[in-house]
Every structure is written in C-alpha cells, then in structure tokens.
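The numbering of the sequence shown is UniProt numbering, which starts it at 1 and goes up by one.
Backbone N, C-alpha and C define an ideal beta-carbon position, used for all residues, glycine too.
Read the structure below first, then the notes.
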Amino acid sequence: MHIGIITSEFPPDIGGVETYAAEFAQALVQLGYRVSVFVHTRHHPIDLPNITIYPVLKYSRHLDRSILREYDVDAWHVMNAAHSWIALETDKPVVVSIHGNDFLNPYPLTGRPGFSENPKLWRFASLLHPLDHWLGKILTTCQMRQALPKARALLANSRYTEQVFLARYPACQGKTVVAQVGVSELFLNSRICKTRNPVPHFLTVTRLSEKRKNVDKILLALGELKKEYAFSYQIIGDGIYKAELESLAEELGLKEKVDFSGRLPLERVIEAMTNADLFILPSSILLDSHEGFGIVYLEAAACGTPSLGARQAGAVEAIAEGVSGFFVEEPTTENIYSALKNYLQDQITFTPENCRAFAENFTWDKVVQKALPFYS
1 MHIGIITSEF PPDIGGVETY AAEFAQALVQ LGYRVSVFVH TRHHPIDLPN ITIYPVLKYS
61 RHLDRSILRE YDVDAWHVMN AAHSWIALET DKPVVVSIHG NDFLNPYPLT GRPGFSENPK
121 LWRFASLLHP LDHWLGKILT TCQMRQALPK ARALLANSRY TEQVFLARYP ACQGKTVVAQ
181 VGVSELFLNS RICKTRNPVP HFLTVTRLSE KRKNVDKILL ALGELKKEYA FSYQIIGDGI
241 YKAELESLAE ELGLKEKVDF SGRLPLERVI EAMTNADLFI LPSSILLDSH EGFGIVYLEA
301 AACGTPSLGA RQAGAVEAIA EGVSGFFVEE PTTENIYSAL KNYLQDQITF TPENCRAFAE
361 NFTWDKVVQK ALPFYS
C-alpha cells in the first residue's frame with residue numbers, strides 16, 4: 001500500500017509536529033508500507049531511508065489539487081488540519097492528525113486563492129499578496145469545517161486535544177481517535193546518568209517564538225533563586241524572542257549562569273537532555289494556542305531526566321506526576337520559583353530509570369497502528 005503524507009512541518013525544521021511527521025513516516029516504512037511525503041517547494045528535503053520526499057506544494061488548495069492528482073497513492077495522511085481539504089478532492093481514504101494549534105489558529109492558509117503566485121499576475125504580486133493572505137484567513141477555516149468531517153479518522157495527539165477539537169468541530173463526533181505520540185529510539189537508547197550534577201543543571205528546549213512557553217518567567221524565578229542556590233541553565237532553541245530573553249538574563253544577573261545555545265543538532269540535544277538534572281517548560285494555554293501534548297517532555301524522560309511543566313493542556317498526559325516530573329498549577333513566576341526551590345531542597349526527587357520506563361510506554365508503532373484500519 002502506498003501512503004501519501006501531506007505536511008507543512010518536516011525535518012530539517014525543528015518542532016513537535018516535524019518530529020511527529022518524520023517518525024510516523026518512518027514507522028510506516030518499517031511496517032512495509034511505501035511512503036511519499038509532500039512538502040512545500042521551499043523545503044530542503046533530507047534523506048530518510050525508503051521515503052520519497054516531493055517538494056512540490058504551494059500550500060493552497062487552489063494551486064495544489066492539480067499537482068496532487070498526478071500522484072497515485074492508496075491513502076492520504078494529512079499531518080496538519082489545514083491540509084484536510086484533500087478530503088474534498090479525492091475518493092481515497094484520508095486520515096488527519098490533529099495537534100492543537102493547527103485547528104485553533106490554522107496555518108498554513110491553504111484556503112487562499114493563490115493570486116500572488118499566478119504567473120499571469122506576476123507584475124501585481126506585491127499588491128495581491130495582502131489580499132491573498134486576508135482571504136486565506138477566512139477561507140481556510142471555512143474549508144476545514146467542510147473537509148474535516150469527511151476524513152476517515154482524526155488522530156488526536158492527546159485526550160485534551162480531542163476534547164478541544166470536538167468542542168470546536170462537533171460535526172466530527174465519532175471520528176476522533178486518541179493516538180497520542182511516540183518517542184524516537186534515539187532518545188530511548190541514550191545513556192542514562194546515574195548521579196546528579198554537583199551544581200544542579202536545568203534545561204529548556206523550545207522555539208523562542210511563543211510567549212506562552214514562559215521562558216521569561218523561568219528566568220525571573222531563577223533571578224530570585226540565584227541569591228540562595230548555585231545552578232546552571234541551558235536554553236536550546238531560537239526565535240524572535242531570543243535577543244529579548246538574553247537581555248532579560250543579563251538584567252537579572254544571570255549572564256554567567258545561563259547558556260543560550262541556539263539550535264543544536266539532534267545528537268547534541270540528546271546529550272544535553274541526558275546531562276540535565278531537570279527539564280523545565282511550564283507552558284500556558286492561550287485562546288489560539290496550547291501545548292497539545294508535548295513530545296519534548298517524553299524525550300527528556302527517555303533520557304532519564306524529569307520535567308517541570310504546568311498542569312495544563314496536553315502536558316498532563318506527557319508527564320507522570322511523581323514518576324517523570326511534577327507540575328505548577330499556574331505558570332506564574334512565583335509558582336515556578338517555589339517549585340524549583342522545592343527541587344533544589346531535595347523535597348522532590350526522581351530516578352532516571354522511572355523516567356525512562358514511563359517514556360517507553362509511548363512508541364510510534366502504537367500511534368501508527370491506530371491509523372492503519374482507516375487506510376483501507
């Protein structure tokens with residue numbers, strides 16, 4: 001069977017959905033399926049064994065439907081709700097993975113007419129682009145309301161995501177399946193450090209482009225803790241708020257304690273997770289954005305490292321309280337300060353073996369098995 005995957009997130013780009021799409025595709029190949037991945041024309045394909053990557057899409061239904069008709073697949077799997085329009089254009093089975101932000105605040109704007117990319121209108125491209133974007137914001141949501149109920153199945157990455165999705169798209173009742181996510185073998189096969197660092201080492205891995213990640217509040221909490229405790233803190237990731245966060249760290253007198261590492265290759269991320277004492281990412285819920293699950297908490301656990309998260313959204317399912325991490329009820333500076341102080345005072349302890357054992361419950365084979373019945 002030939003499975004066509006449509007995605008706007010795929011390596012070498014970094015992120016939870018990028019990881020999901022690549023790992024899902026590789027799990028299908030391991031089960032003997034033929035897999036083709038369709039991405040944007042600007043995408044720089046990477047080599048994945050036995051997976052063909054086609055950088056042919058414009059992320060516009062109007063422009064892409066004729067392109068995809070040229071490819072013979074047995075079923076489509078869409079990795080972002082905004083691409084669900086394919087269910088309106090094909091008689092082949094369509095499965096859609098939903099993550100949270102993809103249906104709360106649709107991206108990319110696949111409903112846009114694509115005026116600015118019409119070769120006959122190239123002279124007016126700069127003028128047509130704003131119109132294209134404005135129409136895309138309106139039409140993408142309308143398109144999703146038509147297309148999502150026509151999918152064979154909708155794979156939710158958490159029970160929380162399923163609940164939020166059905167509240168917004170009640171016409172999809174009965175089509176959702178909670179498949180959750182998996183953890184890469186690269187993390188599960190990493191070495192585990194048996195002892196804590198002499199100076200506690202904290203770690204955050206995230207894109208520095210979303211305020212709801214609350215990295216600023218972590219820094220503010222650490223700014224208070226530095227008066228009483230020794231520690232180091234590494235932030236892996238890049239984004240529009242990096243410079244602002246670097247300035248805040250300097251203002252708080254944390255320049256010597258905080259390392260802004262930027263983007264790092266996967267092997268360096270695994271090394272950092274293995275060497276950290278505690279992973280910190282207390283994300284908030286916003287009206288148009290939330291942590292649908294949080295693969296990164298599982299990745300840290302797979303490396304034997306516990307996490308501090310906020311008891312909100314999908315993080316509740318990604319962290320086993322008392323086993324692979326703990327929570328703040330609300331991600332405020334005061335709560336983060338108190339939680340880290342309790343950790344530094346050894347009032348909260350974890351074992352690397354228990355962290356990994358929890359992560360081992362999440363495999364990509366289990367996720368893919370939830371989709372297989374709907375491809376036929």
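- In this structure, residue 191 lies away from residue 284, with their beta-carbon atoms at least 8 Å apart.
- A Cβ-Cβ separation of about 5 Å places residue 323 in contact with residue 354 under the 8 Å criterion.
- The way I'd put it, the stretch 114-123 doesn't touch the stretch 161-174; fewer than three beta-carbon pairs between them come closer than 8 Å.
- Residue state for residue 233 is assigned as strand, using DSSP reduced to three classes.
- Excluding its 5 nearest sequence neighbours in each direction, residue 125 has C-beta neighbours in its own chain below 8 Å: 116 and 117, listed in chain order.
- Segment contact: the stretch 304-312 against the stretch 19-31, fewer than three CB-CB distances shorter than 8 Å; contact not assigned.
- By the criterion of a C-beta distance shorter than 6 Å, residue 11 is surrounded in its chain by 18, 22 and 46, once the five residues flanking it on both sides are discounted.
- In its chain, beyond the 5 residues on either side, 79 and 155 have a beta carbon closer than 6 Å to the beta carbon of residue 97.
- Inter-residue distance for residue 220 and residue 89 is about 50 Å (C-alpha atoms, whole angstroms).
- For residue 235 and residue 194, the gap between their C-alpha atoms comes out near 23 Å.
- Annotation: residue 310 to residue 170 spans about 28 Å, alpha carbon to alpha carbon.
- By the criterion of a C-beta distance shorter than 7 Å, residue 147 is surrounded in its chain by 84, 85, 87 and 88, once the five residues flanking it on both sides are discounted.
- Taking 4 residues as the shortest admissible run, the stretch 152-235 contains the following complete alpha helix (DSSP H) segments, listed from N- to C-terminal end: 159-168, 185-188 and 215-225.
- Per DSSP, the unbroken beta strand (DSSP E) holding residue 34 starts and ends at 34-40.
- Residue pairing from DSSP leaves residue 374 without any beta-bridge partner.
- For the 8 Å CB-CB criterion, residue 277 and residue 157 do not form a contact.
- For residue 8, the three-state secondary structure derived from DSSP is coil.
- The three-state secondary structure of residue 49, taken from DSSP, is coil.
- Ranked by how close their Cα comes to the Cα of residue 319, the residues 345, 163, 187 and 362 have 362 in first place.
- Take the alpha-carbon of residue 239 and the one of residue 180: they are about 27 Å apart.
- Under a 10 Å Cβ-count criterion, residue 265 is classified as exposed, with fewer than 16 other Cβ atoms of the shown protein chains found around its own Cβ.
- Counting C-beta atoms within 10 angstroms of its own C-beta, residue 373 has fewer than 16 neighbours from the protein chains shown and is therefore classed as exposed.
- With contacts defined as CB atoms closer than 8 Å, residue 160 and residue 314 qualify as a contacting pair.
- Residue 111 sits close to residue 61, with the two beta carbons spaced by under 8 Å.
- In this chain, residue 75 is not harboured by any alpha helix (DSSP H); it is covered by the beta strand (DSSP E) spanning 75-78.
- In its chain, beyond the 5 residues on either side, 279, 281, 307, 309, 315, 318, 319, 324 and 325 have a beta carbon closer than 8 Å to the beta carbon of residue 297.
- When the five nearest sequence neighbours on each side are left out, the beta carbons in the same chain lying within less than 7 Å of the beta carbon of residue 216 are those of 245 and 248, in order along the chain.
- Between residue 231 and residue 257, the gap from beta carbon to beta carbon is short of 8 Å.
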